[in-house]
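Chemist: Input: one structure, supplied below.
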Amino acid sequence: MHFLLQRIHRAWSEGKVASLLLLDVSGAYDNVSKERLLHNLRKRRVSMGIVNWVASFLTSRSTSLKLQEYTDPSTAIQTGIPQGSPISPILYLFYNADLIEAFKTSETEAVGYIDDVSILAIGPTAPRNCKTLKAIHRKAEEWALKHGSQFAPAKYELVHFSRDPSYNTTHALRLPHATITASQYCRYLGLQLDTKLRWGHHREKMEAAATKRLSALSALASSTWDTGTVNLRQVYRAMIVPQMLYGCSACAIFTDNQAAIRAIRDPKTPSGQYILVEATRALDQLRNLGIQVKFRWIPAHVGVPGNEAADRAAKEAAENHLGEPEPETLKTLMATTKSIIRKTMKVEWEASWEKAKHGRELFKLGVKPGKATLDLHAGTHRAISSAITQMRTGKIGLRAYLAKIDKVETDKCECGYGPQTKQNKKRDNDRGGLVFKRKGEQPHCRNGLF
């Protein structure tokens, strides 16, 4: 995905249009030819021991249909690879490797993962790219004939990427048996790509998906019963947070060099002026394309795998390779990118915690939420855990909060000591003790209900 996005941005920098065609292979696993797969493995110089193992793995296979009242006799399987087997995705990568290679030309790039195959055409206009894609698609049909596979043009997707409003991004691709209409969005490897790569559509989809999961999680939670706060938090981090953050590395840029950021913002006369000139020129080109560039500083080295190696490589390049041209593509470690994103999110949250308008009741306690906060809920009954959360956030059944949401007429406590808050009830508790009232009763000033 990163390679695909880099190629699109490079096309924009050259004043060109990038057109992406997403193919759909019908019944990818079911139509795999055993003989062709073994041939492809040998062609790729895979060890004969592995080839023989795969041949044995796909020999003498059978299947049967079992219903509640009937079991179909076993039937031999001559083609296909098993659905659900961990080895099947790897085998299919070898099976369609020739297809990916056939798509790579001077005007096209190809990226594929199992049956998700994409062709990226680069050209001066969308109509020109469609002609290129039509010619390339003939190679796909030739591959399908040799490999016993079928494409489903009805499920194809086409998007023309450009931020220049003068370019036509609606031109359709006309194939012999189908016409593919250009869309403003497409979904590839879980990412929602729009024609301008603004990521607004992706954020909307991720937010909707995360909200749906959060609603399901809320259905499992109650103020008096559920699996417990600690377990709910674990489910939230495992199921909802990854949904919200999926694809973040595709649209994030970070650096740990404060000096470089300051030099780009205010060049003055530091060393390496020629580097700053190139950086400034590149930034101007991006701005002319309508790309908003933001530089974010993140802590270096500590807990960020690969940074030390990157620093050593940078120093070596600066000392020994000043005269060599830069590589056409730059690669970023995925683990490093994810770690950087987490650290940046933490820094931004801490800044928000200090200055935000929300959560001020909790802020007044003087303790930042952290892992120690969970100790208050460990082994605690859900009803008590809910009461603790309500008291810490101030959103509890006392008049100070109920008046804000128009549930009572006044926030004043009957004791005459001001608004009925948890602090007021604590003072009252110190004087008269704590008494829990039945649900629906208004807590009295002397013996309040938290």
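For the sequence shown, the numbering used here begins at 1088 and goes up steadily by one.
Backbone N, C-alpha and C define an ideal beta-carbon position, used for all residues, glycine too.
Distance, Cα to Cα, Tyr-1179 vs Thr-1219?
Modeler: When rounded, the distance between both Cα atoms is 26 Å.
Chemist: How big is the Cα-Cα spacing for Ser-1106 and Lys-1482?
Modeler: Roughly 52 Å separates the two Cα atoms.
Chemist: Straight-line CA distance for Ala-1241 to Ile-1267?
Modeler: Computed Cα separation, rounded: 8 Å.
Chemist: Cutting at 7 Å between CB atoms, please list the residues of its own chain near Asn-1490, excluding the five before and the five after it.
Modeler: The question names Asn, yet the displayed sequence has Ala at residue 1490. Only Thr-1497 and Asp-1498 meet the Cβ criterion.
Chemist: Let me know the beta strand (DSSP E) ranges lying completely inside the segment 1205 to 1252, each 3 residues or longer, listed in chain order.
Modeler: You should have 1244 to 1248.
Chemist: Taking the alpha helix (DSSP H) that Ile-1267 belongs to, which residues open and close that run?
Modeler: Per DSSP, Ile-1267 belongs to no alpha helix (DSSP H); it is in the beta strand (DSSP E), 1265 to 1267.
Chemist: In whole angstroms, what separates the C-alpha of Lys-1444 from that of Glu-1101?
Modeler: About 45 Å.
Chemist: For the beta strand (DSSP E) that contains Glu-1196, what are its first and last residues?
Modeler: Its beta strand (DSSP E) spans residues 1195 to 1200.
Chemist: Note down the Cα distance separating Glu-1194 from Gly-1235, rounded to an integer number of angstroms.
Modeler: Cα to Cα, the separation comes out at about 28 Å.
Chemist: So which of Glu-1501, Pro-1456 and Lys-1299 has the shortest CA-CA distance to Thr-1480?
Modeler: Comparing Cα positions, the closest option is Pro-1456.
Chemist: Considering only the beta carbon of each residue, do Tyr-1243 and Asp-1111 sit closer than 9 Å?
Modeler: Yes, the Cβ-Cβ distance between Tyr-1243 and Asp-1111 is below 9 Å.
Chemist: Given this structure, state the Cα-to-Cα distance separating Val-1204 from Ser-1120, to the nearest angstrom.
Modeler: The alpha-carbon atoms of Val-1204 and Ser-1120 are separated by roughly 19 Å.
Chemist: Bridge partners for Asp-1111 per DSSP, in chain order?
Modeler: Answer by DSSP bridge pairing, in chain order: Asp-1203.
Chemist: If I follow the unbroken alpha helix (DSSP H) through Asp-1185, where does it start and stop?
Modeler: From DSSP, the alpha helix (DSSP H) with Asp-1185 extends over 1184 to 1190.
Chemist: Considering Leu-1262, what are the terminal residues of the beta strand (DSSP E) in which it resides?
Modeler: Start and end: 1260 to 1262.
Chemist: Leu-1152 to Thr-1162, Cα distance in whole Å?
Modeler: Cα-Cα distance, rounded: 9 Å.
Chemist: For Pro-1176, which residues from the same chain have a beta carbon less than 7 Å from its beta carbon, with the 5 sequence-adjacent residues on both sides left out?
Modeler: Hits under 7 Å: Ile-1201.
Chemist: Would you kindly report the start and end of the unbroken alpha helix (DSSP H) that includes Tyr-1488?
Modeler: Segment 1486 to 1489, the alpha helix (DSSP H) holding Tyr-1488.
Chemist: Lys-1233 and Arg-1123 - do their beta-carbons sit closer together than 9 Å?
Modeler: In this structure, Lys-1233 lies closer than 9 Å to Arg-1123 by Cβ.
Chemist: Out of curiosity, what's the CA-to-CA distance linking His-1288 and Ser-1143?
Modeler: Whole-angstrom Cα-Cα distance: 47 Å.
Chemist: Taking the alpha helix (DSSP H) that Ala-1303 falls in, what are its first and last residues?
Modeler: First-last of the alpha helix (DSSP H) with Ala-1303: 1287 to 1306.
Chemist: Would you list the residues sitting across from Cys-1273 in a DSSP beta bridge?
Modeler: Answer is Leu-1280, bridged to Cys-1273.
Chemist: Going by the DSSP bridge assignment, what does Ile-1327 pair with across the sheet?
Modeler: Paired residue(s): none; Ile-1327 is not in a bridge.
Chemist: What residues are listed by DSSP as bridge partners for Pro-1506?
Modeler: Answer by DSSP bridge pairing, in chain order: Lys-1499.
Chemist: For Glu-1208, collect the residues of the same chain with a Cβ closer than 7 Å to its Cβ; drop the 5 residues on either side in sequence, then sort them by chain order.
Modeler: Correcting the residue identity first, residue 1208 is Ala in this sequence and not Glu. Same-chain partners within the cutoff: Ser-1106, Glu-1194, Thr-1195, Asn-1216, Thr-1219 and Leu-1220.
Chemist: Does the Cβ-Cβ distance between Gly-1334 and His-1464 come in under 9 Å?
Modeler: No, Cβ-Cβ distance for Gly-1334 and His-1464 is not below 9 Å.
Chemist: Considering Cα atoms alone, identify which of Ala-1197, Ile-1174, Ala-1459 and Thr-1192 is closest to Ala-1184.
Modeler: With distances taken between Cα atoms, Ala-1184 lies closest to Ala-1197.
Chemist: Between which two residues does the beta strand (DSSP E) containing Ser-1149 stretch?
Modeler: Run containing Ser-1149: 1148 to 1150, per the beta strand (DSSP E) assignment.
Chemist: With DSSP run on the structure shown, which of helix, strand or coil describes Ala-1459?
Modeler: Of the three classes helix, strand and coil, the one that applies to Ala-1459 here is helix, per DSSP.
Chemist: Between Ser-1439, Glu-1441, Thr-1431 and Gln-1279, which has its C-alpha nearest Leu-1109's C-alpha?
Modeler: Selected option, being the one with the closest Cα: Gln-1279.
Chemist: With respect to the beta strand (DSSP E) encompassing Ala-1465, which residues constitute its N-terminal and C-terminal limits?
Modeler: Where Ala-1465 is concerned, there is no enclosing beta strand (DSSP E), given that its DSSP letter is neither H nor E.
Chemist: Run through DSSP, which three-state label would Ala-1105 get?
Modeler: Strand, per DSSP.
Chemist: Span of the beta strand (DSSP E) holding Ala-1163?
Modeler: Here the beta strand (DSSP E) through Ala-1163 covers 1162 to 1164.
Chemist: How big is the Cα-Cα spacing for Glu-1291 and Tyr-1275?
Modeler: Looking at the two C-alpha atoms, the distance is approximately 16 Å.
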